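What follows is one structure encoded as structure tokens, with my remarks underneath.
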Amino acid sequence: MLIVSLSLFLSLAAQQKMAVPKSWRIALQRKDGKEIVFQLEKSTLKGNTVLAVVNGGEKIKITDVTSTGDSLFFTMPAFEVSFKVKEQANGDLTGTFIKATAGSVQYWSLFGKANNPIRFKATQGNAKKDISGKWNVSITRPNGTVRKAVAVFKQQGNRLTGTFLTPSADYRYLDGIVTGDSMLLSSFDGDNARLFEAKIDTRNNSLSGVFYNGYEGKEVWTATKDAAAALPEISDATKLRGGYDRSDFTFNDLEGYPVSINDQKYKNKVVIVQLMGSWCANCLDETRFLSDYYKENKGRGVEVIALAYEYTTDRERSKKSVERFKKLFDVQYPLLITGVTVSDDKKAEKTLPQLTAIKSFPTTLFIGKKGTVRDIHTNFYGPGSGEYYDLSKKRLTDTVNRLLEEQ
38 MLIVSLSLFL SLAAQQKMAV PKSWRIALQR KDGKEIVFQL EKSTLKGNTV
88 LAVVNGGEKI KITDVTSTGD SLFFTMPAFE VSFKVKEQAN GDLTGTFIKA
138 TAGSVQYWSL FGKANNPIRF KATQGNAKKD ISGKWNVSIT RPNGTVRKAV
188 AVFKQQGNRL TGTFLTPSAD YRYLDGIVTG DSMLLSSFDG DNARLFEAKI
238 DTRNNSLSGV FYNGYEGKEV WTATKDAAAA LPEISDATKL RGGYDRSDFT
288 FNDLEGYPVS INDQKYKNKV VIVQLMGSWC ANCLDETRFL SDYYKENKGR
338 GVEVIALAYE YTTDRERSKK SVERFKKLFD VQYPLLITGV TVSDDKKAEK
388 TLPQLTAIKS FPTTLFIGKK GTVRDIHTNF YGPGSGEYYD LSKKRLTDTV
438 NRLLEEQ
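Just so we're aligned: the sequence shown equals residues 38 to 444 in the numbering used here.
Set out below in structure tokens:
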């Protein structure tokens, strides 16, 4: 009997050890030890391992996955980022998240808890307050200056999702919890790793806490509930310099061939010129939309050109990164590498001297049939922003339709 019981115990233990995890709760460790949390799911497609980064309503599919023994190597479909992890006997993961930047490469430690669907524990029990709705937000930079934003939250029980919208961008899909009088929201999309923590003042309907942004960014934030909260205007938005009414540029495409706004292809057309970077998640959202929009509308006399401002002047590195965008969305319009970095304060003067400073990405120029710049949009809110995404798409399509009607 003892032998049978021991054999059964060993058999069950072996099964537990060999159990294949279907998901992990991933915690990326910042420089200060604070953790940015997201979910990672695993599936199989045609015999190949497929992973997915999960934040709220978004799943980012990862197909570039290599397994060697107990190690996994995978690369996000966009951005210069990758993972090297080892699977432990119990299915948990340990390893490193590697992120290239304009400066030094970042190496984040990570830990993945197998088959744990709980992003944040309800350490304080049920939520004391439903914070669904719009909030006026003030985020204080380390130097004491304040930038305004609008937060939009949706709460169901303890579960909290939503996003923050600044004058130039949205913070995409945030996912988290309200427990007791505290809230937590986090997201990871390859480009951004964010964590919002706050205490909820139920008497004053206000929030106050800390925003952990990226590897070491840390800012204080406060918010008050306001159903009529309006997006703040971008200060000193990009515009044409005095005396100019058109843009003039020539840059090489990914194959090395020059493309100019003055090419015959763009004569008597409405041309959308997207100023973007392959490092930029908000540019990714706009590119996803523009790629589909171009396929549907190029027959109407619409053209699109993307101008890429990358981390470095290394063309081969930039090309490799921009090509990911092209492949990911089957982009059929030219993606041109400007050769000027996003961090260059004189990037406008060096690439589009007819414009004032480029302050945000994406920035989108709309050129009419006569070759003049008719409008400039300095933001694009993505699908994580809900109604604001619909407004961004409508604003873009309305602008193009108006220009197409002009003679």
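For each residue, glycine too, the CB sits at the ideal point set by N, CA and C. It should be emphasised that the depicted structure is a prediction, and the values quoted were computed from it without experimental measurement.
Helix, strand or coil at residue i according to DSSP, with G and I counted as helix
i: L47; result: Low confidence applies here, because L47 scores a pLDDT of 47, under 50, leaving its location unreliable and the question unanswered by this model.
i: G213; result: strand
i: G128; result: coil
i: R184; result: strand
i: K304; result: coil
i: Y294; result: coil
i: K123; result: strand
i: E95; result: strand
i: V57; result: coil
i: G254; result: strand
i: G421; result: helix
i: L268; result: coil
i: N173; result: strand
i: A164; result: strand
i: K191; result: strand
i: T409; result: coil
i: A115; result: coil
i: K262; result: strand
i: T200; result: strand
i: I484; result: Residue 484 is absent from the model: the chain starts at 38 and stops at 444.
i: G376; result: strand
i: V310; result: strand
i: V142; result: coil
i: F286; result: coil
Counted within 10 angstroms of its Cβ, other Cβ atoms place residue i as buried (16 or more) or exposed
i: Q444; result: exposed
i: Q369; result: exposed
i: L45; result: Note that L45 has pLDDT 48, beneath the 50 cutoff, so the model's placement of it is unreliable and the number below is only indicative. That one is exposed.
i: S272; result: exposed
i: T434; result: exposed
i: T127; result: Reading the sequence as shown, one finds Asn at residue 127 and not Thr. Exposed, by the Cβ-count rule.
i: Y144; result: exposed
i: K356; result: buried
i: S80; result: exposed
i: I298; result: buried
i: T103; result: exposed
i: Y425; result: buried
i: V187; result: buried
i: L372; result: buried
i: E347; result: buried
i: G181; result: exposed
Bounding residues of the beta strand (DSSP E) (the contiguous stretch that carries residue i)
i: E340; result: 339-347
i: D446; result: Nothing in the structure corresponds to residue 446, since the chain is present only between 38 and 444.
i: L221; result: 219-225
i: A230; result: 230-238
i: T400; result: 400-404
i: Q391; result: Where Q391 is concerned, there is no enclosing beta strand (DSSP E), given that its DSSP letter is neither H nor E.
i: T275; result: Here T275 belongs to no beta strand (DSSP E), and DSSP marks it neither H nor E.
i: Q369; result: Looking at the DSSP string, Q369 is not in any beta strand (DSSP E), and its letter there is neither H nor E.
i: S2; result: The chain is shown from 38 up to 444; residue 2 falls before or after that span and cannot be answered.
i: T81; result: 72-82
CB of residue i within 8 Å of CB of residue j, strictly
i: I374; j: V341; result: no
i: L82; j: V122; result: no
i: T259; j: S243; result: yes
i: V379; j: G314; result: yes
i: L202; j: L222; result: no
i: R411; j: F366; result: no
i: R62; j: R156; result: yes
i: F417; j: E323; result: yes
i: S224; j: I237; result: no
i: I73; j: D226; result: no
i: G199; j: A230; result: no
i: L327; j: Q301; result: no
i: Q192; j: V215; result: yes
i: A139; j: E117; result: no
i: I395; j: K384; result: yes
Boundaries of the alpha helix (DSSP H) in which residue i is found, first to last residue
i: R354; result: 352-365
i: N92; result: Segment 85-92 is the beta strand (DSSP E) holding N92; no alpha helix (DSSP H) there.
i: Y426; result: 424-442
i: E386; result: 384-388
For residue j and residue i, believed in contact at Cβ under 8 Å, the rounded distance
i: N92; j: Y210; result: 4 Å
i: V359; j: V437; result: Actually they are not in contact, since the Cβ atoms of V359 and V437 sit about 24 Å apart, beyond 8 Å.
i: K171; j: A235; result: Contact doesn't hold; Cβ gap of about 15 Å is too wide.
i: Y249; j: L232; result: 4 Å
i: E253; j: R67; result: 6 Å
8 Å Cβ cutoff, residue i in contact with chain D
i: T100; result: The structure shown contains no chain D, having only a single protein chain.
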